[in-house]
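**Student:** Handing you this structure, nothing more for now.
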Amino acid sequence: QVNQNLEIQRARLRDDIKEYKFREARLLQDYTELEEENICLQKQVSVLKQNQASLKHEIKRLEEETEFLNSQLEDAIRLKEISERQLEEALETLKTEREQKNNLRKELSHYMNINDSMYNSHLNISLDGLKFSDEATEPNNDEIMNGFEQNCLSKLSNGKNSTSTPKKNESFPPGPSLVSDLLSELNISEIQKLKQQLVQMEREKVNLLTTLQESQKQLENTRGALSEQHEKVGRLTENLNAMKKLQVSKERQSALDNEKDRDSHEDGDYYEVDINGPEILECKYKVAVAEITDLKEELKNLKAKCKECESKYEEEKSRYETESQALTEKITSLEKSSRHDREQVARLEKELKKVSDVAGETQGSLSVAQDELVTFSEELANLYHHVCMCNNETPNRVMLDYYKEGKGGRSSPETKGRRSPILLSKGLLTIELGKTENGSGDSSPSPVSSLPSPVSDPRKEPMNIYNLIAIIRDQIKHLQAAVDRTTELSRQRVATQELGPVVDKDKEALMEEILKLKSLLSTKREQIATLRTVLKANKQTAEVALANLKSKYENEKAMVTETMMKLRNELKALKEDAATFSSLRAMFATR
């Protein structure tokens, strides 16, 4: 009885131990599941942190781009305001110059009318009783001279108006809206070319103004000579009037003398030389006529000089107009070329958007197929592990490496980490592919990679799918071999059960414990391997992120240096323009 009680207690204790072991195994299984969930959550957290870092970097980059664009916009607005202000100042100076020129023309015409009236009155008074020998052959030189002076003045006034006031049909500096359009649309090189052309035009304008001033000086000299001739003619008329008065007084005296002679009846036949006699007066008249002919010749020479000045002025004016028309044609051609380039850029952007949309669709379909293949490979790996556990065998390391790293023994070190199921999510896949693009130069760059879209190079995705299919085939082979082993073991067990005695329960329990310990060891190894892969992936992503940050920093630094150089060049050009404008303003003020 005691032995029976002891056996019963032993059996109970064995049952309790089995229950405790079963509970322990279940708790260990729960613990392993929780650890796997924890590892998955850690992976997700690392992925989210990486995505967060990349998003922060993108946000910073976009903010810097917006600041750069805002600074460019402010510079463009400032340049537009400066150009509009300069145009307004130039227009105001032109208006003041026009008013001054109109006032000067009015005064000049008034003085010329006064001089013409005085000159005509003096000639009419002085030359009433004179008849020259060349009166029948030559026309009225006074009228020709007056008409010539009026024509010269009208032509000069028209030339000044044409140079100072812009015509409707001529192309002069456009309004503020056109200036702003040109500043916003034209490229920097075209703007510099146009600035150079404007500087050349300003120089030519200055040269033309100098020539015009010289012609005006020549005209003033001719006018001074004409005024001197007028003064000489006035003096001659005064001399003629005095001579007429003397002749009249002399005639009266001669009449009185004749009366006295008649009264006295004295016979005196002597001849006295009279200073105021008619012969002396005739000599004086001849001298005056010779001086007048000399003055006419001088007037003819002055007329020829005036005609030469007018011809030179008209030639320079025509040349300036042709050059301005050529510049306007160049500006229109440049505007047409810039519009054509903008249309081509817009068309290419539309085509790029279409291609990126198609690439996104293909990338989505490839990612879905890849996820399905990854899940299928994981299920095959789990099934293989379960079959090995049922066979009381350790699973093959190659198969576990397939499950852990996503590749077999045939994969090359260049494509390492590309097939891992851990890295096959959408976030890490784009980062990994971006690393392979930047790190290794074995694949050709895609045109879509330059776009800021989450779609990576679509030519690398099918290789991952092909690798996954090869992995699944290898997994199926290993699983088939494991299933064959299970069938053989089952046959051997059936044979042993039929032939041998019943296996001891303690031995089975020990075997179960050994298998459980082996399974725990394999799970721990898997966890360690997954953690290593996660660490490798994090390290690789961190290196890729650092490389991207370095490259972006260098690119942004280069862009900043380029923009600084451009701004310095623009500032130099603006200073030169300001100097030219100030010189022109000073010249206009002096005029």
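Counting with my numbering, you get residues 43 to 633 for the letters of the sequence shown.
For every residue, glycine included, the Cβ atom is placed at its ideal position computed from N, Cα and C.
1) Kindly indicate which three-state DSSP category E435 falls into: helix, strand or coil?
2) Helix, strand or coil for Q43? Go by DSSP, reduced to three states.
3) Taking the alpha-carbon positions, what's the A332 to N249 distance?
4) For V87, does the count of other Cβ atoms within 10 angstroms reach 16, so buried, or fall short, so exposed?
5) Pick helix, strand or coil for R633, following the three-state DSSP scheme.
6) Decide if the region 63-71 is in contact with the region 549-568; the criterion is three or more beta carbon pairs, one per stretch, under 8 angstroms apart.
7) Going straight from the alpha carbon of L55 to that of N45, what length do you get?
8) Is N433 near R533, with beta carbons less than 8 angstroms apart?
9) To the nearest angstrom, report how far apart A423 and D72 are at their CA atoms.
10) Would you report the Cα separation of K549 and K63, rounded to the nearest angstrom?
11) Considering only the alpha carbon of each residue, which of R515, L591, E393 lies closest to S419?
12) Specify whether the region 339-359 and the region 259-270 touch according to this definition: at least 3 beta carbon pairs, one from each stretch, less than 8 angstroms apart.
13) Taking buried to mean at least 16 other C-beta atoms within 10 Å of its own C-beta, is T632 buried or exposed?
14) What's the call for H152, buried or exposed, on a 16-neighbour Cβ count within 10 Å?
15) Check whether the Cβ atoms of M431 and S561 lie closer than 8 angstroms to each other.
16) Looking only at its own chain, which residues have a Cβ that is under 6 angstroms from the Cβ of L278, when we skip the five neighbours before and after it?
17) So the candidates are L425, N93, L104; which of them puts its Cα closest to the Cα of K519?
18) Check G217 in the structure and name its three-state DSSP category.
19) Give the straight-line distance between the Cα atoms of Q51 and Q43, rounded to the nearest whole angstrom.
20) When the Cα atoms are used, what is the spatial distance from L104 to F110?
21) Measuring CB to CB, does T135 end up less than 8 angstroms from F630?
22) Could you give the C-beta distance for I507 and Q412, rounded to a whole number, given that I count them as a contact under 8 angstroms?
23) How many angstroms separate the CA atom of E421 from the CA atom of K85?
24) Looking at C-beta atoms only, is the number of pairs between the region 605-623 and the region 236-244 that lie closer than 8 angstroms three or more?
25) How big is the Cα-Cα spacing for E149 and M606?
26) Whose CA, out of V429, K143, D57, A95, lies closest to the CA of G530?
27) Using a 10 Å radius around the Cβ and a threshold of 16 neighbouring Cβ atoms, would you call E427 buried or exposed?
28) Would you mind giving the Cβ-Cβ distance between M285 and K326, rounded to the nearest angstrom? I have them listed as a contact below 8 angstroms.
29) With burial defined as no fewer than 16 other Cβ atoms inside 10 Å of the residue's Cβ, what is the status of V89: buried or exposed?
30) Taking the alpha-carbon positions, what's the G402 to L97 distance?
**Tutor:** In short, the structure shows the following:
1) Taking the sequence shown and counting its residues from 1, the one referred to as residue 435 is at position 393. Coil, per DSSP.
2) Your numbering for residue 43 matches position 1 in the sequence shown. Looking at Q43 - three-state DSSP - the assignment turns out to be coil, as it is neither helix nor strand.
3) Here residue 332 corresponds to residue number 290 of the sequence shown, with the count starting at 1. Here residue 249 corresponds to residue number 207 of the sequence shown, with the count starting at 1. Approximately 43 angstroms between the Cα atoms of the pair.
4) Walking along the sequence shown from the start, residue 87 turns up at place 45. It counts as exposed.
5) Along the sequence shown, read from residue 1 onward, the residue named residue 633 stands at position 591. Note: R633 maps to coil in three-state DSSP.
6) Verdict: yes, contact present.
7) For the purposes of this step, residue 55 is identified with residue 13 of the sequence shown, where counting begins at 1. For the purposes of this step, residue 45 is identified with residue 3 of the sequence shown, where counting begins at 1. Between L55 and N45, the C-alpha separation is close to 15 angstroms.
8) One-based indexing of the sequence shown puts residue 433 at position 391. One-based indexing of the sequence shown puts residue 533 at position 491. No, the Cβ-Cβ distance between N433 and R533 is not below 8 angstroms.
9) As a working mapping, residue 423 is identified with position 381 in the sequence shown. As a working mapping, residue 72 is identified with position 30 in the sequence shown. Each residue's Cα considered, the two are about 20 angstroms apart.
10) Locating residue 549 in the sequence shown gives position 507, counting from the first residue. Locating residue 63 in the sequence shown gives position 21, counting from the first residue. For K549 and K63, the distance between alpha carbons rounds to 15 angstroms.
11) Translated into the one-based positions of the sequence shown, residue 419 becomes position 377. Selected option, being the one with the closest Cα: R515.
12) Result yes; three or more Cβ-Cβ pairs closer than 8 angstroms.
13) For the purposes of this step, residue 632 is identified with residue 590 of the sequence shown, where counting begins at 1. Classification for T632: exposed.
14) On the sequence shown, residue 152 is found 110 positions in, with the first residue counted as 1. Exposed is the call here.
15) Locating residue 431 in the sequence shown gives position 389, counting from the first residue. Locating residue 561 in the sequence shown gives position 519, counting from the first residue. Contact flag set, yes.
16) Residue numbering aside, residue 278 sits at position 236 when the sequence shown is read from its first letter. Setting aside the 5 residues that flank it on each side, L278 is surrounded in the same chain by A330, each with a C-beta closer than 6 angstroms to its C-beta; the list follows chain order.
17) Here the question's residue 519 lines up with position 477 in the sequence shown. Answer by Cα proximity: L425.
18) The residue you call residue 217 lines up with position 175 of the sequence shown. Legend: pLDDT at G217 = 44, less than 50; position of this residue unreliable, value from coordinates given subsequently. DSSP, reduced to helix, strand and coil, places G217 outside both helices and strands of the structure shown, so it counts as coil.
19) Against the sequence shown, residue 51 aligns to sequence position 9. Against the sequence shown, residue 43 aligns to sequence position 1. Counting only the Cα atoms, Q43 lies some 12 angstroms from Q51.
20) Indexing the sequence shown from 1 puts residue 104 at position 62. Indexing the sequence shown from 1 puts residue 110 at position 68. Taking the straight line joining both Cα atoms gives about 10 angstroms.
21) Position 93 of the sequence shown holds residue 135. Position 588 of the sequence shown holds residue 630. In this structure, F630 lies closer than 8 angstroms to T135 by Cβ.
22) Within the sequence shown, the letter at position 465 stands for residue 507. Within the sequence shown, the letter at position 370 stands for residue 412. Contact flag correct, Cβ pair sits at about 6 angstroms.
23) Along the sequence shown, one-based indexing puts residue 421 at 379. Along the sequence shown, one-based indexing puts residue 85 at 43. Those two C-alpha atoms are separated by around 20 angstroms.
24) Counting C-beta pairs closer than 8 angstroms gives three or more between the region 605-623 and the region 236-244, which meets the contact rule.
25) Along the sequence shown, one-based indexing puts residue 149 at 107. Along the sequence shown, one-based indexing puts residue 606 at 564. C-alpha separation (whole angstroms): 55 angstroms.
26) As a working note, residue 530 is residue 488 in the sequence shown. For clarity, residue 530 is Glu in the given sequence; the question names Gly instead. Taking only the C-alpha atoms, the option nearest E530 is V429.
27) Numbered from its first residue, the sequence shown carries residue 427 at position 385. The sequence as given places His at residue 427; Glu does not occur at that position. So H427 counts as buried.
28) Translated into positions along the sequence shown, residue 285 becomes position 243. Translated into positions along the sequence shown, residue 326 becomes position 284. The Cβ separation is near 6 angstroms, so the contact holds.
29) Start at 1 with the first residue of the sequence shown, and residue 89 comes out as number 47. Per the 10 Å Cβ criterion, buried.
30) Within the sequence shown, the letter at position 360 stands for residue 402. Within the sequence shown, the letter at position 55 stands for residue 97. In a straight line, the C-alpha of G402 is about 19 angstroms away from that of L97.
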